[in-house]
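Counting in the working numbering, the sequence shown runs from 5 upward without gaps.
C-beta: ideal position from N, C-alpha, C; glycine also.
Note that the structure is a prediction, hence the values are computed from the model and not measured.
Let me begin by presenting the structure, written as structure tokens, before commenting on it.
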Amino acid sequence: MKDSVHTVTYSMDGVSWQLRAPHDFAWLVALGKVFAVFDQQDSGNLSFGVTTPSGNKFIKYAGAPTLAYSGDVQAAVARLQQAVRVYEDLDHPALIKLCGHGPAGQGYAAVFEWNEGENLHPHWSFPPPAK
Numbered sequence: 005m006k007d008s009v010h011t012v013t014y015s016m017d018g019v020s021w022q023l024r025a026p027h028d029f030a031w032l033v034a035l036g037k038v039f040a041v042f043d044q045q046d047s048g049n050l051s052f053g054v055t056t057p058s059g060n061k062f063i064k065y066a067g068a069p070t071l072a073y074s075g076d077v078q079a080a081v082a083r084l085q086q087a088v089r090v091y092e093d094l095d096h097p098a099l100i101k102l103c104g105h106g107p108a109g110q111g112y113a114a115v116f117e118w119n120e121g122e123n124l125h126p127h128w129s130f131p132p133p134a135k
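Okay, structure coming up:
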């Protein structure tokens, strides 16, 4: 018999997502209105589209127990912190602009400018071993 995964469903501003366990998103409420969520990532990150007073932003967050990631949550936080340093080093007009980053709730968030586009690598279309 396959183990079932317990899920907790969140809904904010009419957008829903699921996690493996409860998590506090008060920090996200303070940023603005959520209009999109990307919760199927296998990196241990959740990403959100949020309308803020300064325009739409893409927020990448590590620190929550996502459904598609079975690794250590703190390892996901450390990888996001390392990735932020790479974004800062690679700062270029052709790349998405990093607007800020830092501790957020129980994890870490990186805030980018929002760009309309299409997902070029939907994880659910490339499960292992095709990945």
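Just grab the DSSP bridge partners of Ile-63 for me.
-> The partner list for Ile-63 (beta bridge, DSSP) reads Phe-52, Val-115.
Using 10 angstroms around the beta-carbon of Ala-105, count the other beta-carbons present and answer buried if the total reaches 16, otherwise exposed.
-> Sequence check: residue 105 is His here, not Ala. Buried, since its Cβ has 16 or more Cβ neighbours within 10 Å.
Rounded to whole angstroms, what's the CA-CA distance from Phe-39 to Ala-80? Just pull it up for me.
-> C-alpha separation (whole angstroms): 24 Å.
C-alpha gap between Val-77 and Val-41, whole angstroms | So the alpha carbons of these two residues sit roughly 19 Å apart.
Tyr-14: first and last residue of the uninterrupted beta strand (DSSP E) it sits in = Judged by DSSP secondary structure, Tyr-14 falls within the beta strand (DSSP E) whose first and last residues are 12-16.
Within 10 angstroms of the Cβ of Thr-11, are there 16 or more other Cβ atoms? Answer buried if so, exposed if not.
-> Thr-11 is classed as exposed because its beta carbon has fewer than 16 other beta carbons within 10 Å across all chains shown.
Nonlocal neighbours in the same chain, by C-beta distance under 8 Å from Ala-30, ignoring five residues either side = Within the same chain, Cβ atoms closer than 8 Å to the Cβ of Ala-30 are found at Gly-109, the five residues on either side in sequence being excluded.
Could you tell me whether the Cβ atoms of Tyr-65 and Ala-113 are closer together than 8 Å?
-> In contact: Tyr-65 and Ala-113 (Cβ atoms closer than 8 Å).
Where does Gln-86 sit, in a helix, a strand or coil, going by DSSP?
-> Note: Gln-86 maps to helix in three-state DSSP.
In chain order, what residues of the same chain lie with their CB nearer than 8 Å to the CB of Ser-20, ignoring the 5 residues before and after it?
-> Answer for Ser-20: Thr-13, Tyr-14, Val-41, listed in chain order.
Three-state secondary structure (DSSP) of Gln-45 = Coil at Gln-45, not helix or strand.
For Val-33, is the classification buried or exposed, using 16 other Cβ atoms within 10 angstroms of its Cβ as the cut-off for buried?
-> It is exposed - the Cβ of Val-33 has fewer than 16 other Cβ atoms within 10 Å.
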